[in-house]
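Residues in the sequence shown are numbered from 433 upward in steps of one, following the working numbering. Cβ coordinates follow ideal geometry from the N, Cα and C atoms, glycine included. Data block below; observations after.
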Amino acid sequence: ARPDRTYEVDTVLQDGKVLTAAFPVALAGSLGVPQEREAFLRLPAKLPHLRYVGLGLTEAGIAHNGQSIVDLAEFLHACFKAGRGNQELPLSIINTDNLPFNGDAIKSHVCS
């Protein structure tokens, strides 16, 4: 995240133009640090308007029962327990890696 607590997202249009937008960030950290992981899993209960989760998961991390998939599943379970991701306020998980169909691959592993 930048000093103003925003995260830049570039969108490449079909004509090659790049649009850059800045979005506010609630938290950035590492799930590999126990205290940060615990804080991350408590977030859904503290963020009633949570709508988007940016996921920096590379091709190497998209594996059945891999730690990143397990972490994501635990986070989504915390969202469910906190009542996040309901019909009125759906939750979107946005993977920032450029692997084609990465969303489908992640979903299949999380749901298995």
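* **Every unbroken beta strand (DSSP E) inside the stretch 445-503 [3 residues or more]** => 450-456, 484-487
* So Leu521 packs on Cys511, CB below 8 Å; how close in whole Å? -> So it is not a contact: roughly 11 Å between Cβ atoms.
* To do: Just the C-alpha distance for Glu491 and Cys543, rounded to the nearest angstrom, thanks.
  => Going from the Cα of Glu491 to the Cα of Cys543 covers about 18 Å.
* Residues bridged to Val441 by DSSP? -> Ala453
* State yes or no: is the beta carbon of Glu491 nearer than 8 Å to at least one beta carbon in chain C? => In summary, chain C is missing from the structure at hand, where a single protein chain is found.
* Straight-line gap, Asp452 to Ala477 (C-alpha atoms, nearest Å) -> Looking at the sequence shown, residue 452 is not Asp but Thr. Their Cα atoms are separated by approximately 30 Å.
* To do: Label Val450 either buried or exposed according to how many other C-beta atoms from any shown protein chain fall within 10 Å of its C-beta, with 16 as the threshold for buried.
  => Classification for Val450: exposed.
* To do: Identify the continuous beta strand (DSSP E) that holds Ser524 and give its terminal residues.
  => Start and end: 524-527.
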